[in-house]
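Sequential numbering of the sequence shown, starting at 4, is according to my numbering.
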Amino acid sequence: MRLSEARAEFERRLSYPVDRETVIGSVGDETLEAPDGEDTTVASVLERTDVDEFESAAELHDTLVTFVDEGSVGQEHYGDPEGGGRPDRSTEGESS
4 MRLSEARAEF ERRLSYPVDR ETVIGSVGDE TLEAPDGEDT TVASVLERTD VDEFESAAEL
64 HDTLVTFVDE GSVGQEHYGD PEGGGRPDRS TEGESS
């Protein structure tokens, strides 16, 4: 699954609050597709954290975004389902 789809999947498949071991048991084998890097699993990303419980799908998703490899998020789409990407800061402060 794409990282941008993960939150909806977590909302559908898990009940909150949920502990890390339950997340790993339920969705840990799910592959997070990396547009510019190496695919990884939910479990692999969560093993890099010391977070033991998640209060919501949003908190779980935010944790994944924080700890996933940069290639999984990608500069171009930055986890945005609309593909909007990060704002272009190279032109900030310039007048038109």
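Positions of the beta carbon are idealized from the N, C-alpha and C atoms, including for glycine.
In the DSSP output, what is residue i paired with across the bridge?
i: residue 36; result: 5
i: residue 71; result: The partner list for residue 71 (beta bridge, DSSP) is empty, contrary to what the question assumes.
i: residue 1; result: Outside the shown range of the chain, which is 4 to 99, sits residue 1, and nothing can be said about it.
i: residue 66; result: Residue 66 is not bridged to any residue.
CB-CB under 8 Å to residue i, same chain, minus the five flanking residues each way: which ones, in chain order?
i: residue 23; result: 49, 52, 54, 55, 56 and 57
Considering only C-alpha positions, which residue in the set the options is nearest to residue i?
i: residue 27; options: 5, 13 and 69; result: 13
i: residue 5; options: 39, 62 and 59; result: 39
Ordered along the chain, which non-local residues of its own chain (more than five positions away) have a Cβ less than 6 Å from that of residue i?
i: residue 45; result: 30, 31 and 33
Indicate, with yes or no, if the ligand FAD has a heavy atom lying under 7 Å from the CB of residue i.
i: residue 57; result: Absence of the ligand FAD is noted for the structure shown, with no ligands found whatsoever.
For residue i, count the other beta carbons within 10 Å of its own beta carbon; 16 or more makes it buried, fewer makes it exposed. Which is it?
i: residue 11; result: exposed
i: residue 43; result: buried
i: residue 18; result: exposed
Would you mind giving the Cβ-Cβ distance between residue i and residue j, rounded to the nearest angstrom? I have them listed as a contact below 8 Å.
i: residue 36; j: residue 72; result: No, residue 36 and residue 72 are not in contact; Cβ-Cβ is about 12 Å, not under 8 Å.
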